Each structure stands twice: as C-alpha cells, then as structure tokens.
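S.K.: Pasting in a structure now, in structure tokens, and then I'll have a few things to ask.
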DNA sequence: ATGTATGCAAACCATTTGCAATGAC
DNA sequence: GTCATTGCAAATGGTTTGCATACAT
C-alpha cells in the first residue's frame, strides 16, 4: 500500500492548492507555520507551536496561529484531538498511514497503536461520495496499571462491606 | 455479535461500580446527569445538558456538571469529540457498537457511518494488556458539496491565470 | 493600487476555582 | 458526626475580535 513518508514539499504543494482554491493568500507566516507543524513530532498545543516558531526565529502572533491552525485543519493537514478539556491538542496529519490511539480514561495516558492489521482494517472502509483525506481512531479503556489499582481498591472495599453474593 | 441496546439500568450499575471503586459518593446529581446524558440523542455541550436538566426539574450547577462530565468520561460512559474549538462537544458511549464519524473539514458537517463492515473491522483489533471499553473513529475529508464548490472555484481561477500544464 | 493577513492588545466566554452550606456515608 | 459534594460567584486563561499597519496579488 501507499506508505511513503510524505515530504514537506508535498504538504506545501497541498497547502498551496488549498489556498488557491479558496482565494487565500500565500503568506510567509502560513508556510512557516506549516513547516513548524511538520517538524513537530507528536501532539502539541498552540502555545507549543508559538514557542517552536520563536526558536526558529520566525515569531508569529497568537491570532495568526489560531487562524492558520483552522486553515490547516480545513486543508486536511492538521487534526484536532479530543484530549484535554482546557487547551486544544493538535497533531499533523499522516495521510498515508491511518493513526490509532489507545487512551486510558483514568490516567489519560495515550499510546499510538502500531499494529498494521488494525490500520489495514480501518483503511478498508471506502465511502461512496465522500473524498477521504485521513482516518483517526481512538480505543478507549483502562490501562493495566490503572486496572490493577482499581481492583485493589475494590477488594479493599469489599472486605469492609462484604456483599452476600460470592 | 453483542448488539443489544444498553439500558439505563446497566449504565447506572456501571457508574455505581466506578464510584465505589474510586471511593466517590453516589449523589442524586450524578445519577440525574447520567440519565440526562443517556436520554440525549446525538452530540451535546455542557450548556445543552444544563438546559435539559432544568427541563426535567433537576437543575444542576455548572461546576457540578463539569465535574461529573469528567467522571463519566473516566467511567467510560461519555466521550469527548474533537469537533469545534471553543465549546467541548460530548456524546454518550455506545459500548456494544463502535461509532465512526465522517467529518467534512470544510463545512464541518458530521455524519455517522452506518456500514457494519467498517465497524467489524474496527472491532477486530484486540490489544493485549489493555481493557477496551469502546472505540471511536473519524474519517476526515471533503463532502461532495464542498468538493464541487472547490472545483468550481479552482476552474474559475485557472481561467484567469492559466497554467502551461494542461 | 487594492484589499487581505498580520500584530497587538483588549474583549469574550468556556472552564476552573474557592468557600460556605448540604447531604452521603 | 465527618468530610466529600454542591451551589454560587468570582477568577482564570484559552480563544476570538477589532483596528491600524504590512504585504501578497
């Protein structure tokens, strides 16, 4: 399957086409932000991005960052994750390889699922009418560590208030 | 496969066990909120929930709503969606049937994917070590309507600034 | 030249927090 | 009776907005 690790040039081209199609301008800021997104491994917040851009000597204002993040999401180059409640968590899109995240609802630890079989299964869905850009899956549950802790607590409590059944 | 439409009683039981295991109290508010979540079809915000609870004559304060929403997420009874930027969008968990959403990044229209084949594919992933509660997938892309509009615009622009290639 | 995008700082509003009062245990 | 939970209202801070300036077209 298509599995080549997308280059920055490809993403820039994609962004350029998007801007063109929507009659938006190709500014230095927008491409600097795209590059920063591309170069950031893993998830990040707007604040992280702003810091990164300062580091590479291309500081961008907060307003512009929010505005551009919105554009990048529309251009299918950036995803918003459902993690955290206060600050929005973003991550760049990996068009060729669908991503799956395992999320522990108790400790909020997040793991990227590697298994190719799972990813292939997700890839297999081909909707009519809808032009797919990328796919993201979340598997929610409890991680082993938290499960152990919860069981321990439950046992302790059952010792205090024993139930008639078993 | 397991496909029975979960009853409120089951969810209450699950919540009760969660509260017990975490040494949290079983208050009227918490169960009223669980019921409101259960009875709300589709996605909703905290504000929506608060309105709903007012309607059923069980008004709950904002702080409590946020607090309980967090607990319900931890208890695997509620999911947070990655939609919208300002207000968080929630939806109740459907433990037996994995959910998939088709999201248009341009107009933000969201469709629930029905196809059983896709859902079965997602179900097939069985991680070792991790206790799965539920699975959610998002297929991002462009809906037919937006695609048509973008193509129209592109064509119009190409007429104005013709490129040498084709 | 024209008008959109940026920077800056103020405004907004969803979410969080603190404290006194309530109610689960 | 004890202490977590609630309600209320104020504080917080992520996100949005408005306007003058810069720059892509």
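Residue numbers (the numbering used here), protein chains in the order written: chain B, 1 to 166; chain V, 1001 to 1166. C-beta: ideal position from N, C-alpha, C; glycine also. Since the structure is predicted, the reported quantities are computational estimates derived from the model, not experimental observations.
What is the DSSP secondary structure of residue 38 of chain B, counted as helix, strand or coil?
M.R.: Within the first chain, the letter at position 38 stands for residue 38 of chain B. The answer is helix: DSSP assigns residue 38 of chain B an H, G or I state.
S.K.: Would you give the residue range spanned by the alpha helix (DSSP H) that residue 72 of chain B belongs to?
M.R.: Locating residue 72 of chain B in the first chain gives position 72, where the first residue counts as 1. Its alpha helix (DSSP H) spans residues 62 to 74.
S.K.: Can you name the residues of chain B whose CB is closer than 9 Å to the CB of residue 1052 of chain V?
M.R.: In the second chain, the residue the question calls residue 1052 of chain V occupies position 52. Neighbours of residue 1052 of chain V on chain B: none; closest Cβ ~20 Å, over 9 Å.
S.K.: Would residue 12 of chain B pass as an interface residue toward chain V - the criterion being a Cβ-Cβ separation below 9 Å?
M.R.: Within the first chain, the letter at position 12 stands for residue 12 of chain B. By this cut-off, residue 12 of chain B is not an interface position.
S.K.: Between which two residues does the beta strand (DSSP E) carrying residue 111 of chain B extend?
M.R.: Against the first chain, residue 111 of chain B aligns to sequence position 111. Counting along the chain, the beta strand (DSSP E) containing residue 111 of chain B begins and ends at 110 to 112.
S.K.: Around the C-beta of residue 129 of chain B, are 16 or more other C-beta atoms found within 10 angstroms, so that it is buried, or is it exposed?
M.R.: One-based indexing of the first chain puts residue 129 of chain B at position 129. By the neighbour-count rule (16 or more Cβ atoms within 10 Å), residue 129 of chain B is not buried but exposed.
S.K.: Among V:1112, V:1057, V:1136, whose alpha-carbon lies nearest the alpha-carbon of residue 1122 of chain V?
M.R.: Translated into the one-based positions of the second chain, residue 1122 of chain V becomes position 122. The shortest C-alpha separation from residue 1122 of chain V is found at V:1136.
S.K.: Quick one: is residue 96 of chain B buried, meaning 16 or more other Cβ sit within 10 Å of its Cβ, or exposed?
M.R.: As a working note, residue 96 of chain B is residue 96 in the first chain. That one is exposed.
S.K.: What residues match up with residue 1091 of chain V in a beta bridge as DSSP calls it?
M.R.: As a working note, residue 1091 of chain V is residue 91 in the second chain. Residue 1091 of chain V pairs with V:1079.
S.K.: For the alpha helix (DSSP H) that contains residue 1014 of chain V, what are its first and last residues?
M.R.: By 1-based counting over the second chain, the position of residue 1014 of chain V is 14. Where residue 1014 of chain V is concerned, the enclosing alpha helix (DSSP H) stretches over 1008 to 1021.
S.K.: Show which residues of chain V have a CB atom less than 9 Å away from the CB atom of residue 47 of chain B.
M.R.: By 1-based counting over the first chain, the position of residue 47 of chain B is 47. The contacting residues do not exist; residue 47 of chain B stays about 15 Å from chain V at best.
S.K.: At 4 residues or longer, what runs of the alpha helix (DSSP H) sit wholly inside the segment 114 to 157 of chain B?
M.R.: Complete alpha helix (DSSP H) runs here, min 4: 116 to 123.
S.K.: In terms of residues, what are the limits of the beta strand (DSSP E) holding residue 1102 of chain V?
M.R.: Against the second chain, residue 1102 of chain V aligns to sequence position 102. Here the beta strand (DSSP E) through residue 1102 of chain V covers 1099 to 1104.
S.K.: Thinking just about the alpha-carbon of each residue, which of V:1052, V:1100, V:1033, V:1048 is nearest to the one in residue 127 of chain B?
M.R.: By 1-based counting over the first chain, the position of residue 127 of chain B is 127. Here the closest residue by C-alpha is V:1100.
S.K.: What are the boundary residues of the alpha helix (DSSP H) that residue 1050 of chain V is part of?
M.R.: Within the second chain, residue 1050 of chain V is the residue found at index 50, counting from 1. Its alpha helix (DSSP H) spans residues 1046 to 1055.
S.K.: For a contact defined as C-beta to C-beta under 7 Å, what are the partners of residue 131 of chain B on chain V?
M.R.: The residue you call residue 131 of chain B lines up with position 131 of the first chain. Per Cβ cutoff of 7 Å: 1141, 1142, 1147.
S.K.: Here's the rule: buried if 16 or more other CB atoms are within 10 angstroms of the residue's CB, otherwise exposed. What is residue 54 of chain B?
M.R.: Position 54 of the first chain holds residue 54 of chain B. Residue 54 of chain B is exposed by the Cβ-count criterion.
S.K.: Would DSSP call residue 58 of chain B helix, strand or coil?
M.R.: Here the question's residue 58 of chain B lines up with position 58 in the first chain. It is coil, neither helix nor strand.
S.K.: So, is residue 1059 of chain V buried or exposed, given that buried needs 16 or more other C-beta atoms within 10 angstroms?
M.R.: What you label residue 1059 of chain V is simply residue 59 of the second chain in a count that begins at 1. So residue 1059 of chain V counts as exposed.
S.K.: Can you give the Cα-Cα distance for residue 1039 of chain V and residue 1052 of chain V, rounded to whole angstroms?
M.R.: Locating residue 1039 of chain V in the second chain gives position 39, where the first residue counts as 1. Locating residue 1052 of chain V in the second chain gives position 52, where the first residue counts as 1. Between residue 1039 of chain V and residue 1052 of chain V, the C-alpha separation is close to 9 Å.
S.K.: What does the Cβ neighbour count give for residue 1120 of chain V, buried or exposed, with the cut at 16 atoms within 10 Å?
M.R.: Within the second chain, the letter at position 120 stands for residue 1120 of chain V. The residue in question, residue 1120 of chain V, is exposed, as its Cβ has fewer than 16 Cβ neighbours within 10 Å.
S.K.: Rounding to the nearest angstrom, what Cα-Cα distance links residue 151 of chain B and residue 1022 of chain V in this structure?
M.R.: Taking the first residue of the first chain as position 1, residue 151 of chain B is located at position 151. Taking the first residue of the second chain as position 1, residue 1022 of chain V is located at position 22. Near 10 Å, if we compare the C-alpha coordinates of residue 1022 of chain V and residue 151 of chain B.
S.K.: Just to confirm, are residue 8 of chain B and residue 35 of chain B a CB contact at a threshold of 9 Å?
M.R.: Residue mapping note: residue 8 of chain B aligns to position 8 of the first chain, counting from 1. Residue mapping note: residue 35 of chain B aligns to position 35 of the first chain, counting from 1. Cβ atoms of residue 8 of chain B and residue 35 of chain B: closer than 9 Å.
S.K.: Shorter than 9 Å from the beta carbon of residue 1138 of chain V to some beta carbon of chain B?
M.R.: Stepping through the second chain from its first residue, residue 1138 of chain V is reached at position 138. Yes, residue 1138 of chain V counts as interfacial toward chain B.
S.K.: For residue 1075 of chain V, which residues from the same chain have a beta carbon less than 7 Å from its beta carbon, with the 5 sequence-adjacent residues on both sides left out?
M.R.: In the second chain, residue 1075 of chain V corresponds to position 75, counting from 1. Cβ neighbours of residue 1075 of chain V beyond the five flanking positions: 1014, 1015, 1018.
S.K.: Please check if any C-beta of chain V sits within less than 9 Å of the C-beta of residue 67 of chain B.
M.R.: Mapped onto the first chain, residue 67 of chain B falls at position 67. Residue 67 of chain B does not count as touching chain V.
S.K.: Measuring CB to CB, does residue 1090 of chain V end up less than 9 Å from residue 1044 of chain V?
M.R.: Taking the second chain and counting its residues from 1, one reaches residue 1090 of chain V at position 90. Taking the second chain and counting its residues from 1, one reaches residue 1044 of chain V at position 44. Yes, they are a contact pair.
S.K.: What does residue 88 of chain B touch in chain V if you count any residue whose Cβ is under 9 Å from its own?
M.R.: Stepping through the first chain from its first residue, residue 88 of chain B is reached at position 88. Going along chain V in sequence order, the residues near residue 88 of chain B (Cβ under 9 Å) are 1082, 1085.
S.K.: Using DSSP with H/G/I as helix, E/B as strand and the rest coil, what is residue 25 of chain B?
M.R.: Within the first chain, the letter at position 25 stands for residue 25 of chain B. Residue 25 of chain B: coil per DSSP, three-state reduction.
S.K.: Using only the alpha-carbon positions, how far apart do residue 85 of chain B and residue 1081 of chain V sit?
M.R.: The sequence position of residue 85 of chain B within the first chain is 85, counting from 1. The sequence position of residue 1081 of chain V within the second chain is 81, counting from 1. Taking the straight line joining both Cα atoms gives about 11 Å.
S.K.: For residue 1073 of chain V, which residues in chain B fall below 8 Å Cβ to Cβ?
M.R.: Numbered from 1 along the second chain, position 73 holds the residue referred to as residue 1073 of chain V. Within 8 Å Cβ-Cβ: 105.
S.K.: With a threshold of 8 Å on Cβ separation, who are the neighbours of residue 50 of chain B within its own chain once the five nearest residues in sequence on each side are excluded?
M.R.: The residue you call residue 50 of chain B lines up with position 50 of the first chain. 59, 60, 62, 65.
S.K.: Kindly list, in the order they appear in chain V, the residues whose Cβ is closer than 9 Å to that of residue 55 of chain B.
M.R.: Taking the first chain and counting its residues from 1, the one referred to as residue 55 of chain B is at position 55. By Cβ distance, chain V contributes nothing, its closest Cβ being about 25 Å from residue 55 of chain B, past 9 Å.
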